[in-house]
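Asker: As numbered in our numbering, residues 72 to 308 make up the sequence shown, in order.
C-beta atoms are modelled at their ideal positions from N, C-alpha and C, and glycine is treated no differently.
Just so we're clear, the structure is a prediction, and the values are computed from it rather than from any experiment.
First the structure, then my questions, so here it is.
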Amino acid sequence: MKVNANFRSFAGVNFDATKYISSPSNGVNRFMLDRIGSERARATTIVEFQPNSKFPEHEHIGGEEFLVLKGTFKDQYGSFQAGTYIRNPIGSGHAPWVDDDGCTIFVKLLQMSEKDHLTQPLYINLDNQKGEPTEFGSVSELYQNEYTGESVHMCWLDPGMTLPVDDRCLNGEELFVYDGALTTDGECYSKWGWLRFPAGSVRTSLIAGKEGAVVYRKTGHLNESAMAMEKIQISDD
Numbered sequence: 072m073k074v075n076a077n078f079r080s081f082a083g084v085n086f087d088a089t090k091y092i093s094s095p096s097n098g099v100n101r102f103m104l105d106r107i108g109s110e111r112a113r114a115t116t117i118v119e120f121q122p123n124s125k126f127p128e129h130e131h132i133g134g135e136e137f138l139v140l141k142g143t144f145k146d147q148y149g150s151f152q153a154g155t156y157i158r159n160p161i162g163s164g165h166a167p168w169v170d171d172d173g174c175t176i177f178v179k180l181l182q183m184s185e186k187d188h189l190t191q192p193l194y195i196n197l198d199n200q201k202g203e204p205t206e207f208g209s210v211s212e213l214y215q216n217e218y219t220g221e222s223v224h225m226c227w228l229d230p231g232m233t234l235p236v237d238d239r240c241l242n243g244e245e246l247f248v249y250d251g252a253l254t255t256d257g258e259c260y261s262k263w264g265w266l267r268f269p270a271g272s273v274r275t276s277l278i279a280g281k282e283g284a285v286v287y288r289k290t291g292h293l294n295e296s297a298m299a300m301e302k303i304q305i306s307d308d
């Protein structure tokens with residue numbers, strides 16, 4: 072299966088709850104943003120856990136990165152409420168479940184390199200983050216890999232402010248609207264909207280909506296060198 076699998080071109084998707092696809096686990100649904108592969112896939116997905124659902128225990132053979140969007144995500148290591156950023160390194164594993172409140176996450180699978188300083192899961196509660204002031208609002212660094220060039224930031228944009236183009240964009244940029252809205256080229260990406268700009272491109276301005284925007288931003292991970300360093304290489308020709 073391929074969804075937005077051409078990493079040399081721009082991709083942008085607005086969330087649509089009517090387009091969830093059932094997963095093999097009962098009560099767990101997927102809204103696919105990009106994907107290469109079937110069940111063993113390099114994937115970026117919004118995953119909905121319906122109330123009292125669960126997912127079988129599994130190993131993260133290529134790592135797992137996710138942001139809790141709604142409800143409470145639970146596994147044998149803890150309970151993680153909306154606004155929690157988590158990185159589970161290569162070789163880790165868990166058996167997630169949710170209670171009556173259900174849960175929705177933004178998750179990236181099979182996209183990590185073994186050249187990573189993290190050997191234990193990383194948990195960051197965004198409510199406890201004090202972003203550094205910027206010209207557009209504030210920003211907080213969540214993760215940085217100096218070897219691969221990957222970096223992850225959370226950006227809080229004030230209403231009408233522009234997320235600037237910087238050197239981080241040169242090796243690819245991916246954005247997920249956690250809250251609020253972003254507009255680029257006349258297209259509005261509202262809450263849970265997703266954008267991916269390829270390495271080597273010069274993106275246009277990204278402007279926050281009238282209520283501002285809270286944006287997950289990943290950069291430096293979409294050039295050929297960084298993608299070749301991902302431990303698991305998936306092809307679906």
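Look at the alpha carbon of D170 and the alpha carbon of L140, and state the distance between them as a whole number of angstroms.
Answerer: 15 Å
Asker: Tell me the start and end of each unbroken alpha helix (DSSP H) in the region 278 to 307 that is at least 4 residues and wholly inside, in chain order.
Answerer: 295 to 299
Asker: Checking 8 Å against the spacing of the C-beta atoms, do A166 and Q191 come in under that value?
Answerer: no
Asker: Roughly how many whole angstroms lie between the Cα atoms of G133 and E185?
Answerer: 8 Å
Asker: Which same chain residues end up closer than 8 Å to H129 when comparing Cβ atoms and leaving out the 5 residues on each side of it in sequence?
Answerer: G164, H165, A166
Asker: CA-CA distance, F102 and E245?
Answerer: 17 Å
Asker: Which value, in whole angstroms, describes the spacing of the CA atoms of M298 and H292?
Answerer: 6 Å
Asker: Here's a check: name, in chain order, each residue in its chain whose Cβ is nearer than 7 Å to the Cβ of N85, leaving out the five neighbours to either side.
Answerer: Excluding residues up to 5 positions away in sequence, Y260, S261, G264 lie with their Cβ nearer than 7 Å to the Cβ of N85 in the same chain.
Asker: Do the CB positions of A279 and G231 come within less than 8 Å of each other?
Answerer: yes
Asker: Do V236 and V178 have their C-beta atoms closer together than 8 Å?
Answerer: no
Asker: List the endpoints of the continuous beta strand (DSSP E) containing S222.
Answerer: 222 to 228
Asker: From G98 to W168, what does the alpha carbon distance come to, in whole angstroms?
Answerer: 11 Å
Asker: Quick one: using the 10 Å Cβ neighbour count with 16 as the cut-off for buried, is N242 buried or exposed?
Answerer: buried
Asker: Hey, could you find the ends of the beta strand (DSSP E) L138 is sitting in?
Answerer: 135 to 146
Asker: What number of angstroms, rounded off, separates the C-alpha of I92 from the C-alpha of N100?
Answerer: 5 Å
Asker: Taking its Cβ as the centre, do 16 or more other Cβ atoms sit within 10 Å of Y315, making it buried, or is it exposed?
Answerer: Because the chain here runs from 72 to 308, residue 315 falls outside it and cannot be looked at.
Asker: Which residue marks the beginning of the beta strand (DSSP E) containing S211, and which one marks its end?
Answerer: 208 to 215
Asker: Considering only the alpha carbon of each residue, which of D172, N123, E136, D187 lies closest to A114?
Answerer: E136
Asker: I'd like to confirm something about R101: is its beta-carbon nearer than 7 Å to some heavy atom of the ligand ATP, or not?
Answerer: The ligand ATP is not among the ligands present in this structure, which contains no ligands whatsoever.
Asker: Please classify D250: does DSSP put it in a helix, a strand, or coil?
Answerer: strand
Asker: Measuring only the C-alpha atoms, how far is S209 from L138?
Answerer: 19 Å
Asker: Going by alpha carbons, who is nearest to F126 out of E212, C174, N75?
Answerer: C174
Asker: May I ask you to report which of helix, strand or coil DSSP gives L197?
Answerer: Helix.
Asker: What span of residues does the beta strand (DSSP E) with S150 cover, start to end?
Answerer: 149 to 152
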